[in-house]
Structure formats: C-alpha cells, structure tokens
Amino acid sequence: MIAKPKISTYGSTYGSYKGNDLTSYVESSDIDVDALNKNLIIDDVEFNKFDETIKDYVMAQLGHPVVRVELTPFQIKTCIDEAVTKLDYHAPQWAMQYAVFDASAGISLYELPAFIANNLNYVVYQKDLLAFQFSKGSLEFDFFLGFWQNNRFFQNMNVGDYLLVQQYMEMIRKVLSRDGGFDIVNGKYLQLYPEPFSTPTPVILEYRALDSNTILPAFRNWVQKYALACAKHVLGRIRGKFQSIPGPGKGASLDGKDLISEATKEKELLMKELLMEIEEPPLFSVY
434 MIAKPKISTY
444 GSTYGSYKGN
454 DLTSYVESSD
464 IDVDALNKNL
474 IIDDVEFNKF
484 DETIKDYVMA
494 QLGHPVVRVE
504 LTPFQIKTCI
514 DEAVTKLDYH
524 APQWAMQYAV
534 FDASAGISLY
544 ELPAFIANNL
554 NYVVYQKDLL
564 AFQFSKGSLE
574 FDFFLGFWQN
584 NRFFQNMNVG
594 DYLLVQQYME
604 MIRKVLSRDG
614 GFDIVNGKYL
624 QLYPEPFSTP
634 TPVILEYRAL
644 DSNTILPAFR
654 NWVQKYALAC
664 AKHVLGRIRG
674 KFQSIPGPGK
684 GASLDGKDLI
694 SEATKEKELL
704 MKELLMEIEE
714 PPLFSVY
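Going by this note's numbering, the sequence shown opens with residue 434, and the numbers climb by one from there.
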C-alpha cells in the first residue's frame, strides 16, 4: 500500500502546512521542479518572475535591444531550465529545508513530491533516545536496563558515560532492527523500515530545495551566468550556419564560432565554481 502523507502540525519550512497533502501542496517558490525541462515548442512559453530576471539578464548581455538576438522564448526557457537544474541538483546546505508528516501504523511506503525526493538528505524516524517499545521481561528490556545499572547511570554519571550510553543504545537499535531506516524507491517513494507500529508516527524529512524568495543574490547570479553561457552556445550554433551576411562594404561577418568557444569555457568555469564553492565539498574522515 502506498500512502500520500499529510503534513503534520510541525509543518514545513517550504510551504503551507498543518493537514495539507504533502504531495500536492503548493510551495511559495517560483521554481517548479516538476516543470523543469518539460517544455515543448508547440507550447506557449510563460516566464514567471524568477524566470524574467534570468531572461532579461541573458538578453541584455547578448546585446538586446541594441542588436538583434536570434533566440526564441522556447530556446531561452530551455537555457534557464538547464541552469536551474544544475543548481538544484547540487543545491548546497544553505538551501536546507524541513518537513514533518505523520506516518500510519502498518504502512511503510509514502509518496513524496519531486522537490523533496530529488534532494533528500536524511529521514529521522524512530530516533528518540528513549523510544524503545520493549515489554517488561523481554531480552531488549534486560539489555536496556542492565547497561544503565552496570554503568552507574543512576549515580554520578559524567558526560563520557552519557556518550557511552548513546553509542550502546545505537548499537542495540541496529542489532535489534529498532533503529528506523529509509530508502528512496523509483525516485518518488519513501520506504520506511521497520513498519510504523503506531498512529501517528512523526517522520522528519531533511532535504535541500531552492526557494526563489530566499535564494542568495550570488547564486541567483550563478543561474544567470550559466543560462547566458547556454544561450551563447545555442546562438553560436544558429549564427554558425552562416559565415557572413551580404551587404555594403563586404557585408557583415557573424561570431558563431566565437560564441560557441566562449560558452564552452564559461560552462566549465561555472561548473567548477558550483562543485568547489557553492556545493559544499565532501567531508573526509580518517579512522
């Protein structure tokens, strides 16, 4: 059974909350992840406020309205989508968002919206320090109580003892399959294990998603520059079909090759900036 989770009273940092369907509620951002790279030439291209800031930057940098820029709205939209897709895929920690929903007993599979599933970092499920559903006299209960007694938990326990208790409890959870885990299935569904045994069971989602209302100006500018590089490449291919235009004084030569060369170099530099400066580099640990 696949459930469509409801946002709990904790809500979401990205949109409306408290009882709304998590898979259909409308986030406040202009960036619609579900619509990226799905435009067709036959469709009427519509630019939202965020897209307009990118489009106007691209057109201005290419010389509009002083010179003619041979790009259609569809071509500009594809360039914007490519830039936003790159940044969304590598969304850094400043784009962190949270959402909480209530899982139901016996249901382990939940449908997630794309803007959560695409950049899901972590799921907090059954992680409460004392969340042991042990019955008195069971093996799990004996392990739990015995460790606390043997390690003077009820006496003068120091910080080191507390950390030792946490490590021990984490190990026991994993051995006894009490530590909640998760998987993403088909890029859309959240699989929780073990199955929730009570209703409601709070599940906290930690994910990264771009919000056009709060995106930093520097990273908005990164999208502008990458979209510009994409537009230069498209425009270079168009102008590259013609070596020159007949006219007075030997006509005019076109800059198709130069535009393609510039676009290739700019894309490489912008991707390097994205991977090394915007998206946090991976952390390495030595054991």
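Glycine included, every Cβ here is placed at the ideal spot set by N, Cα and C.
Fair warning: this is a prediction, and the values are worked out from it, not measured in the lab.
Exercise. Can you list the alpha helix (DSSP H) stretches of 4 or more residues lying completely in the region 645-702, in chain order?
Worked result: 650-672
Problem set entry | Identity of the residue in 470, 698, 503 nearest residue 511 by Cα | Working through the sequence shown from its first residue, we reach residue 511 at position 78. For the residues 470, 698, 503, the minimum Cα distance to residue 511 belongs to 470.
Problem set entry | Bridge partners - residue 633, DSSP secondary structure assignment | Counting from 1 along the sequence shown, the entry for residue 633 is found at position 200. DSSP, once it has assigned bridges, lists no residue as partnering residue 633.
For this session: Kindly indicate which residue of 474, 483, 478 has the alpha-carbon position closest to the one of residue 649.
Result: The residue you call residue 649 lines up with position 216 of the sequence shown. If we check each option's Cα against that of residue 649, 483 comes out closest.
For this session: Note down the Cα distance separating residue 526 from residue 675, rounded to an integer number of angstroms.
Result: As a working mapping, residue 526 is identified with position 93 in the sequence shown. As a working mapping, residue 675 is identified with position 242 in the sequence shown. Residue 526 and residue 675: Cα-Cα distance of roughly 45 Å.
Exercise. When you compare only the Cα positions, how much space is there between residue 635 and residue 658?
Worked result: Along the sequence shown, one-based indexing puts residue 635 at 202. Along the sequence shown, one-based indexing puts residue 658 at 225. Taking the straight line joining both Cα atoms gives about 41 Å.
For this session: Starting from the C-beta of residue 629, find all residues in its chain whose C-beta is less than 6 Å away, skip the five residues before and the five after it, and write them out in chain order.
Result: In the sequence shown, counting from the first residue as 1, residue 629 sits at position 196. Exclusion of the five residues before and after residue 629 leaves 536, 538 as the residues of its chain whose Cβ lies within less than 6 Å of its Cβ.
For this session: Starting from residue 485, trace the beta strand (DSSP E) both ways and give me its first and last residue.
Result: Sequence index remark: in the sequence shown, residue 485 carries index 52 (1-based). Residue 485 -> not in any beta strand (DSSP E); alpha helix (DSSP H) instead, spanning 482-494.
Problem set entry | Same chain only: Cβ atoms within 6 Å of residue 671, ignoring 5 sequence neighbours per side | Indexing the sequence shown from 1 puts residue 671 at position 238. So the qualifying residues of the chain are 503.
Exercise. What distance in whole Å lies between the Cβ atoms of residue 516 and residue 663, which are believed to be in contact at a cut-off of 8 Å?
Worked result: In the sequence shown, counting from the first residue as 1, residue 663 sits at position 230. In the sequence shown, counting from the first residue as 1, residue 516 sits at position 83. Cβ-Cβ separation between residue 663 and residue 516: approximately 7 Å, consistent with a contact (criterion under 8 Å).
Exercise. How many Å lie between residue 700 and residue 666 at the Cα?
Worked result: By 1-based counting over the sequence shown, the position of residue 700 is 267. By 1-based counting over the sequence shown, the position of residue 666 is 233. Taking the straight line joining both Cα atoms gives about 10 Å.
Exercise. CA-CA distance, residue 500 and residue 531?
Worked result: The residue labelled residue 500 in the question sits at position 67 within the sequence shown. The residue labelled residue 531 in the question sits at position 98 within the sequence shown. Computed Cα separation, rounded: 46 Å.
Problem set entry | Nearest-angstrom Cα separation, counted from residue 695 out to residue 491 | As a position in the sequence shown, residue 491 is number 58, starting the count at 1. As a position in the sequence shown, residue 695 is number 262, starting the count at 1. Straight-line Cα distance between these residues: approximately 14 Å.
Problem set entry | Between the CA atoms of residue 601 and residue 472 - distance to the nearest angstrom | Position 39 of the sequence shown, counted from the first residue, corresponds to residue 472. Position 168 of the sequence shown, counted from the first residue, corresponds to residue 601. About 53 Å.
For this session: Give the straight-line distance between the Cα atoms of residue 564 and residue 474, rounded to the nearest whole angstrom.
Result: As a first step, residue 564 is located in the sequence shown; it is residue number 131 there, counting from the start. As a first step, residue 474 is located in the sequence shown; it is residue number 41 there, counting from the start. Low confidence applies to residue 564: its pLDDT is 47, below 50, so where it sits in the model is not reliable, and the reading given next is rough at best. Rounded to the nearest angstrom, the two C-alpha atoms are 54 Å apart.
Problem set entry | Integer Cβ distance of residue 464 from residue 645, believed to fall under 8 Å | Position 31 of the sequence shown, counted from the first residue, corresponds to residue 464. Position 212 of the sequence shown, counted from the first residue, corresponds to residue 645. Contact check for residue 464 and residue 645: beta-carbon distance about 5 Å, within the 8 Å limit, so the pair qualifies.
For this session: Name the residue from 486, 507, 495, 613 whose alpha carbon lies nearest to the alpha carbon of residue 476.
Result: Residue 476 sits at position 43 when you count from the first residue of the sequence shown. Here the closest residue by C-alpha is 507.
Problem set entry | Spatial distance of residue 540 from residue 615 (CA atoms) | Along the sequence shown, one-based indexing puts residue 540 at 107. Along the sequence shown, one-based indexing puts residue 615 at 182. Residue 540 and residue 615: Cα-Cα distance of roughly 13 Å.
For this session: Measure the Cβ-Cβ separation of residue 533 and residue 637 and say whether it is below 8 Å.
Result: Residue mapping note: residue 533 aligns to position 100 of the sequence shown, counting from 1. Residue mapping note: residue 637 aligns to position 204 of the sequence shown, counting from 1. Contact: yes.
Exercise. If we ignore side chains and look at the alpha-carbon of each, how far apart do residue 620 and residue 518 end up?
Worked result: What you label residue 620 is simply residue 187 of the sequence shown in a count that begins at 1. What you label residue 518 is simply residue 85 of the sequence shown in a count that begins at 1. Each residue's Cα considered, the two are about 16 Å apart.
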